[in-house]
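Chemist: Numbering (this note's numbering), first residue to last: 128 to 196. Cβ coordinates follow ideal geometry from the N, Cα and C atoms, glycine included.
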């Protein structure tokens, strides 16, 4: 039985939350009237994209290293 490192689950969870934030920001910006305002929404979007990509890549690497592939 393969046991996956809990660290990879944590990274994957952070990536999911970050990409949910990206999706929300895109919808807010496309509506034309962001609830938090234009600048905070753009800041959240610009921070969430690299965070999501980085943690997703880290989750894949951690999962692969734990499984030995």
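Can you grab the Cα-Cα spacing for the pair residue 133 / residue 166, in whole Å?
Modeler: Indexing the chain shown from 1 puts residue 133 at position 6. Indexing the chain shown from 1 puts residue 166 at position 39. Spanning the two alpha carbons is a distance of roughly 35 Å.
Chemist: What three-state label does DSSP hand residue 163 in the structure shown?
Modeler: Walking along the chain shown from the start, residue 163 turns up at place 36. It is coil, neither helix nor strand.
Chemist: When the Cα atoms are used, what is the spatial distance from residue 174 to residue 164?
Modeler: For the purposes of this step, residue 174 is taken as residue 47 along the chain shown, with counting starting at 1. For the purposes of this step, residue 164 is taken as residue 37 along the chain shown, with counting starting at 1. Between residue 174 and residue 164, the C-alpha separation is close to 16 Å.
Chemist: So, under 8 Å CB-CB, residue 182 and residue 138 are touching, yes? Tell me the CB distance rounded to an integer number of Å.
Modeler: Numbered from its first residue, the chain shown carries residue 182 at position 55. Numbered from its first residue, the chain shown carries residue 138 at position 11. Correct: roughly 5 Å between the Cβ atoms.
Chemist: Counting Cβ pairs, one atom from each stretch, are 3 or more of them under 8 Å apart for the region 135 to 152 and the region 176 to 193?
Modeler: yes
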